[in-house]
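Trainee: Per our numbering, residue 2 is the first one in the sequence shown, and the count goes up by one each step.
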Amino acid sequence: MKPVFLLCVSLLPVLINALARSRVLIPLPIATDRIEVHSHEHVPRPNILRAGPNPMPLNSGPVDGRSIPHNTTSATTTAAVKARELLVASTKVQSTVLILARDTLSAYSASSGLNGYGIPFEVVVVPQTGITLPVLNSSSSAGNYGAIVVVSEVSYNYGGTLGFQSAITAAQWAQIYQYQVSFGVRAVRLDVFPSTDLGVTAIGGCCNDGVEQLIQISDTSAFPTSGLKVGAGVSTQGLWHYPATILNATIATPFATFGPSAGFPASSVAGVINNINDRQQMVFFIGFATEWSSTSNYLQHAWIHWATRGLYAGYRRINLNTQVDDMFLESDIYYPAINRTFIITPTDLDQHIAWMDSVNSRLPAGSNYFIEVGHNGNGNIETADDINANERICRPGPIEYGDQIDTALEFQKPLGTGTDIWPTTATTYPYNVTCTAGDLLMNWWSQPSNMNAYAHVSHTFTHEDENNATFADVNREISWNQAWLTQVGIASATKWSPKGLIPPAITGLHNGDALRAWQTNGIVQVVGDNTRPALMNTQNEFWPLITTVADNGFAGIQISPRWATNIYYNCDLPICTVQEWINTSAGNGDWYALLDLEQATNTRHLLGLHRDPFMFHQANLNYVTADLTTINGVTAKLSMLQAWVEVVTQEMVRLTNWPIISLKHDDFSVEFSNRMTRDQCVPSLVYSVDPAAKTITDVTVTANGNTCGAEIPVTVPGPVTDTQGFRTEQVGSDPLTIWVTLTGGAVLTSFTFIAPIPL
Ligand SMILES: [Zn+2]
Numbered sequence: 002m003k004p005v006f007l008l009c010v011s012l013l014p015v016l017i018n019a020l021a022r023s024r025v026l027i028p029l030p031i032a033t034d035r036i037e038v039h040s041h042e043h044v045p046r047p048n049i050l051r052a053g054p055n056p057m058p059l060n061s062g063p064v065d066g067r068s069i070p071h072n073t074t075s076a077t078t079t080a081a082v083k084a085r086e087l088l089v090a091s092t093k094v095q096s097t098v099l100i101l102a103r104d105t106l107s108a109y110s111a112s113s114g115l116n117g118y119g120i121p122f123e124v125v126v127v128p129q130t131g132i133t134l135p136v137l138n139s140s141s142s143a144g145n146y147g148a149i150v151v152v153s154e155v156s157y158n159y160g161g162t163l164g165f166q167s168a169i170t171a172a173q174w175a176q177i178y179q180y181q182v183s184f185g186v187r188a189v190r191l192d193v194f195p196s197t198d199l200g201v202t203a204i205g206g207c208c209n210d211g212v213e214q215l216i217q218i219s220d221t222s223a224f225p226t227s228g229l230k231v232g233a234g235v236s237t238q239g240l241w242h243y244p245a246t247i248l249n250a251t252i253a254t255p256f257a258t259f260g261p262s263a264g265f266p267a268s269s270v271a272g273v274i275n276n277i278n279d280r281q282q283m284v285f286f287i288g289f290a291t292e293w294s295s296t297s298n299y300l301q302h303a304w305i306h307w308a309t310r311g312l313y314a315g316y317r318r319i320n321l322n323t324q325v326d327d328m329f330l331e332s333d334i335y336y337p338a339i340n341r342t343f344i345i346t347p348t349d350l351d352q353h354i355a356w357m358d359s360v361n362s363r364l365p366a367g368s369n370y371f372i373e374v375g376h377n378g379n380g381n382i383e384t385a386d387d388i389n390a391n392e393r394i395c396r397p398g399p400i401e402y403g404d405q406i407d408t409a410l411e412f413q414k415p416l417g418t419g420t421d422i423w424p425t426t427a428t429t430y431p432y433n434v435t436c437t438a439g440d441l442l443m444n445w446w447s448q449p450s451n452m453n454a455y456a457h458v459s460h461t462f463t464h465e466d467e468n469n470a471t472f473a474d475v476n477r478e479i480s481w482n483q484a485w486l487t488q489v490g491i492a493s494a495t496k497w498s499p500k501g502l503i504p505p506a507i508t509g510l511h512n513g514d515a516l517r518a519w520q521t522n523g524i525v526q527v528v529g530d531n532t533r534p535a536l537m538n539t540q541n542e543f544w545p546l547i548t549t550v551a552d553n554g555f556a557g558i559q560i561s562p563r564w565a566t567n568i569y570y571n572c573d574l575p576i577c578t579v580q581e582w583i584n585t586s587a588g589n590g591d592w593y594a595l596l597d598l599e600q601a602t603n604t605r606h607l608l609g610l611h612r613d614p615f616m617f618h619q620a621n622l623n624y625v626t627a628d629l630t631t632i633n634g635v636t637a638k639l640s641m642l643q644a645w646v647e648v649v650t651q652e653m654v655r656l657t658n659w660p661i662i663s664l665k666h667d668d669f670s671v672e673f674s675n676r677m678t679r680d681q682c683v684p685s686l687v688y689s690v691d692p693a694a695k696t697i698t699d700v701t702v703t704a705n706g707n708t709c710g711a712e713i714p715v716t717v718p719g720p721v722t723d724t725q726g727f728r729t730e731q732v733g734s735d736p737l738t739i740w741v742t743l744t745g746g747a748v749l750t751s752f753t754f755i756a757p758i759p760l
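#1: Alpha carbons only, please: which of V528, S156, Y118 and E123 is nearest the one belonging to Q129?
#2: Starting from the N-terminal end, write out each residue whose C-beta falls within a distance shorter than 5 Å of any non-hydrogen atom of ligand 1.
#3: Go through the stretch 528-601 residue by residue and report every complete run of the alpha helix (DSSP H) that reaches 4 residues or more, in order.
#4: With burial defined as no fewer than 16 other Cβ atoms inside 10 Å of the residue's Cβ, what is the status of N553: buried or exposed?
#5: On the premise that I713 lies in contact with A704, defined as a C-beta separation below 8 Å, what is that separation, rounded to the nearest angstrom?
#6: Of all the alpha helix (DSSP H) runs that stay within the bounds of the stretch 324-364, which reach a length of 4 or more residues?
#7: Please look up how many angstroms separate the CB atoms of D466 and Q405, rounded, as I've assumed it's under 8 Å.
#8: Terminal residues of the continuous beta strand (DSSP E) containing P449?
#9: May I ask you to verify whether the stretch 654-674 touches the stretch 331-347, counting CB pairs closer than 8 Å and requiring at least 3?
#10: For I713, which of helix, strand or coil comes out of DSSP?
#11: Suppose only complete runs of 3+ residues qualify. What are the beta strand (DSSP E) ranges in the stretch 432-499, listed by chain order?
#12: Identify every residue that forms a DSSP beta bridge with P58.
#13: How long is the line joining the alpha carbons of N379 and L546, rounded to whole angstroms?
#14: How big is the Cα-Cα spacing for H606 and D680?
#15: Taking 8 Å as the cut-off, is the beta-carbon of S689 closer than that to any non-hydrogen atom of ligand 3?
#16: Which residues share a DSSP beta bridge with V151?
#17: Identify the continuous alpha helix (DSSP H) that holds G378 and give its terminal residues.
#18: Rounded to the nearest angstrom, what separates V700 and F122 at their Cα positions?
#19: Specify the secondary structure class of L686 as computed by DSSP and reduced to three states.
#20: Does DSSP put N369 in a helix, a strand or coil?
#21: Can you tell me the Cα-Cα spacing of I755 and D723, whole angstroms?
#22: Can you check DSSP and say which residues form a bridge with F615?
#23: Is the distance from the Cβ of A148 to the Cβ of R187 below 9 Å?
#24: For I287, count neighbouring C-beta atoms within 10 Å of its own C-beta (all shown protein chains included) and say buried if the count is 16 or more, exposed if not.
#25: Quick one: what does DSSP say Q95 is sitting in, helix, strand or coil?
#26: For E37, which of helix, strand or coil comes out of DSSP?
#27: Which value, in whole angstroms, describes the spacing of the CA atoms of V25 and V579?
#28: Rounded C-beta distance between T716 and Y316? I'm assuming under 8 Å.
#29: So, helix, strand or coil for R280, using DSSP?
#30: If you check the beta carbons only, do R563 and D613 fall under 9 Å apart?
#31: Taking buried to mean at least 16 other C-beta atoms within 10 Å of its own C-beta, is Y313 buried or exposed?
#32: Determine the direct distance from the alpha carbon of S107 to that of S295, and round the result to whole angstroms.
#33: Assign L598 to one of two classes, buried (16 or more other C-beta atoms within 10 Å of its C-beta) or exposed (fewer than that).
#34: So what does DSSP say about F673, is it helix, strand or coil?
#35: Pull up the distance between the alpha-carbon of R393 and that of G439, whole angstroms please.
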């Protein structure tokens, strides 16, 4: 066999840059006596955690004779608000959440969490010159918004003696307050300067760069359905905030506190719930930045559950999906050794089964975590053929071909072009079970208890790059792997995804011939790569991308988003992935610095209710030669995947009681598809309010035409009289979700609460 260079062409600029700025030893192209077909994984550069700039420069203002830097205010009004009218029967309130923000970027910090749940919302941007308020109620018994969120008081610096003032006028605030009282609607105010009319006073502003002051939820009694844990401190770095004390406990009840910090020797108040003459609001004395902050993504669940009273059209589910690509392939290791390869062993995989049990025993009730594996059958044939080289039990031998030339990342192949690289003699799948069984790794997988401990999906037969591949090659890549998966029994595993595919190195997604070959073989839902905008849905980050002829050369394949991590495909040990992180992704620090970053980034994704799977590779499951890693005081030998899952799940468990559930490829694909379908139906709830009793008595589910091709989730804080035969879901300590099927017609679907919900 001819020697082949294994280095990805696409990696060359990266390596050259790395060589130019460091003295680190970089692996050079190596020659082997066998053709490796899996050396073209794209090295992604996941978003790194960044501290967001303050949305507005800080101003100075006097508080108790001290000057406090701030960039927002507290909006106040002296207008009297009338008490709730008691005689309006059958008041109806739409559940839509109204968001008032200075701009769309800051509005995202209020909307992204609602979008995660699928709760309907409406954003109104308020410029410095002000707005006309949207119509809050169309009659004295018909409210248009179920909650109101105001970000940074929509305040601007008007200069001079005015300083920071809200762009909502005092008369408009009075109108909002009146609406709240009349309809029992709660308001949330994010990033507010503490002031006396909120029953508090500021004791300072914090923190300068590099200064930490933790924030924790201190009381969840007003939002018990949130599932948040009390007393779990999280970082405020990069989030400007105003520690406060209570002045008037009759109107202000703290629910969150800041810990001690430089200049703040004692705990202080971070947020209060106000009840001011029947007007209820939750106020945070800290800015929100859900686009980069895991803290903001955590805290948002407090206000979402408080403002909605845990009653909403939407639901919350944490799906932790870890996909491990390249099973049966050998990976060329990036660092430190030259000519080093790695392939997983049965001992590594055995240990991960025991470990998955351990993880599940430590997760909240209702959890079910498992690893999903992406298989390449040709690796099995290669190994068996090598082991039994003289007997030739794998006639005519594994599929081999010369090195492929990389294309540009988003290369769009003209249909019908390209050259077959598979041997012309390879027509139908030729191997028998004597061949496939000639490999210890395959023997291990063929044990049902091993196979069924993991989930499984195809990653193509040889891992040929598909950007410039022909229909004939891709057709064989898919159909041969299917034949192999069926032959070895993986296609009969309890968690098998026949309609799914992890494209090799996420290639082929703009190759209409490849997509057509997938679809021809029943593959309709694949994963993409969230570091590549062309593979993401631009309308809604919770929707999959559906391919089109114009963008992808073939229409109708679903691309679900998938996160990259800093655990690289060509690394079996921390020393390797840390080096690659430094060389390719501006990483800085050691294994623990990398794990800290992974924890912050990926708990942010999970707390933001993203269900996108996470990308790993077979080398990341190296346990046999793994290092000791210390996590939360416990030192253990852990594979890199294990260390990653431990830091992410232990943080989730520290913060919440939420069950953590893995879904196999075909199942999470359906979840993405259903989410898009139901959003397009514009689902909503209407609350029926009893003004005299000050309760919500029932809710009615609506949608465009009261029909929808996907079930609509209705999550309720307490039992209803009749779930009407709809599918219900309640896992662990989660609230009940009723999955409503709307089929049109005049009869509306409503649920009545056994115990009406207090306003
Ligand atoms: Zn791969």
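Glycine included, every Cβ here is placed at the ideal spot set by N, Cα and C.
Mentor: Inspection of the coordinates gives the following:
#1: Locating residue 129 in the sequence shown gives position 128, where the first residue counts as 1. Nearest of V528, S156, Y118 and E123 to Q129, Cα basis: S156.
#2: By the rule of a C-beta closer than 5 Å to any heavy atom of ligand 1, the residues picked out are D326 and D327.
#3: For the stretch 528-601, whole alpha helix (DSSP H) runs of length 4 or above, ordered along the chain, are 550-553 and 575-586.
#4: Translated into positions along the sequence shown, residue 553 becomes position 552. Under this definition N553 is a buried residue.
#5: Stepping through the sequence shown from its first residue, residue 704 is reached at position 703. Stepping through the sequence shown from its first residue, residue 713 is reached at position 712. So it is a contact: roughly 6 Å between Cβ atoms.
#6: Listed in chain order, the alpha helix (DSSP H) elements of length 4 or more contained wholly in the stretch 324-364 are 347-363.
#7: Working through the sequence shown from its first residue, we reach residue 466 at position 465. Working through the sequence shown from its first residue, we reach residue 405 at position 404. At roughly 5 Å, the Cβ-Cβ gap stays under 8 Å, so D466 and Q405 are in contact.
#8: Working through the sequence shown from its first residue, we reach residue 449 at position 448. P449 -> not in any beta strand (DSSP E); alpha helix (DSSP H) instead, spanning P449 to M452.
#9: Contact between the stretch 654-674 and the stretch 331-347 is absent: fewer than three C-beta pairs spanning the two stretches fall below 8 Å.
#10: Taking the first residue of the sequence shown as position 1, residue 713 is located at position 712. I713: strand per DSSP, three-state reduction.
#11: As far as the stretch 432-499 is concerned, its whole beta strand (DSSP E) runs of at least 3 residues are 456-459.
#12: Here residue 58 corresponds to residue number 57 of the sequence shown, with the count starting at 1. P58 is not bridged to any residue.
#13: Position 378 of the sequence shown holds residue 379. Position 545 of the sequence shown holds residue 546. Inter-residue distance for N379 and L546 is about 30 Å (C-alpha atoms, whole angstroms).
#14: As a working mapping, residue 606 is identified with position 605 in the sequence shown. As a working mapping, residue 680 is identified with position 679 in the sequence shown. Taking the straight line joining both Cα atoms gives about 20 Å.
#15: Absent from the structure shown: ligand 3. Ligands present: ligand 1.
#16: Here residue 151 refers to the residue found at position 150 when the sequence shown is read from its first residue. Residue pairing for V151: DSSP places it in a beta bridge opposite L101 and R190.
#17: Within the sequence shown, numbered from 1, the residue matching residue 378 stands at position 377. DSSP places G378 inside the alpha helix (DSSP H), whose first and last residues are G378 to I388.
#18: As a first step, residue 700 must be located in the sequence shown, where it is residue number 699. As a first step, residue 122 must be located in the sequence shown, where it is residue number 121. About 17 Å.
#19: Here residue 686 corresponds to residue number 685 of the sequence shown, with the count starting at 1. Correct three-state label for L686: strand.
#20: Mapped onto the sequence shown, residue 369 falls at position 368. N369 falls in the strand class under three-state DSSP.
#21: On the sequence shown, position 754 is the one that residue 755 refers to. On the sequence shown, position 722 is the one that residue 723 refers to. Looking at the two C-alpha atoms, the distance is approximately 9 Å.
#22: Within the sequence shown, residue 615 is the residue found at index 614, counting from 1. Paired residue(s): T323 and W564.
#23: As a working note, residue 148 is residue 147 in the sequence shown. As a working note, residue 187 is residue 186 in the sequence shown. The answer is yes: Cβ separation under 9 Å.
#24: Reading the sequence shown from its first residue, position 286 is the one you call residue 287. In the assembly as shown, I287 is a buried residue. Its beta-carbon has 16 or more other beta-carbons within 10 Å.
#25: Position 94 of the sequence shown holds residue 95. When secondary structure is reduced to three states using DSSP, Q95 falls in the strand class.
#26: Along the sequence shown, read from residue 1 onward, the residue named residue 37 stands at position 36. Residue confidence is low: E37 scores 42 on pLDDT, short of 50, so the model does not pin down where it sits. Its coordinate-derived value is still stated next. When DSSP states are grouped into helix, strand and coil, E37 belongs to the coil group.
#27: Walking along the sequence shown from the start, residue 25 turns up at place 24. Walking along the sequence shown from the start, residue 579 turns up at place 578. Low per-residue confidence applies at V25: pLDDT is 29, beneath 50, and the placement is therefore not dependable enough to give any value.
#28: Within the sequence shown, numbered from 1, the residue matching residue 716 stands at position 715. Within the sequence shown, numbered from 1, the residue matching residue 316 stands at position 315. With a contact defined as Cβ atoms closer than 8 Å, T716 and Y316 qualify at about 5 Å.
#29: Start at 1 with the first residue of the sequence shown, and residue 280 comes out as number 279. Strand at R280.
#30: Start at 1 with the first residue of the sequence shown, and residue 563 comes out as number 562. Start at 1 with the first residue of the sequence shown, and residue 613 comes out as number 612. Their beta carbons are under 9 Å apart, which means R563 touches D613 by this criterion.
#31: As a working note, residue 313 is residue 312 in the sequence shown. Around the Cβ of Y313, a 10 Å sphere holds 16 or more other Cβ atoms; the residue is buried.
#32: What you label residue 295 is simply residue 294 of the sequence shown in a count that begins at 1. What you label residue 107 is simply residue 106 of the sequence shown in a count that begins at 1. Across the structure, S295 and S107 are spaced so that their CA atoms are roughly 16 Å apart.
#33: Translated into the one-based positions of the sequence shown, residue 598 becomes position 597. It counts as buried.
#34: As a working mapping, residue 673 is identified with position 672 in the sequence shown. Three-state DSSP puts F673 in a helix.
#35: If you number the sequence shown from 1, residue 393 lands on position 392. If you number the sequence shown from 1, residue 439 lands on position 438. R393 and G439 have their C-alpha atoms some 11 Å from each other.
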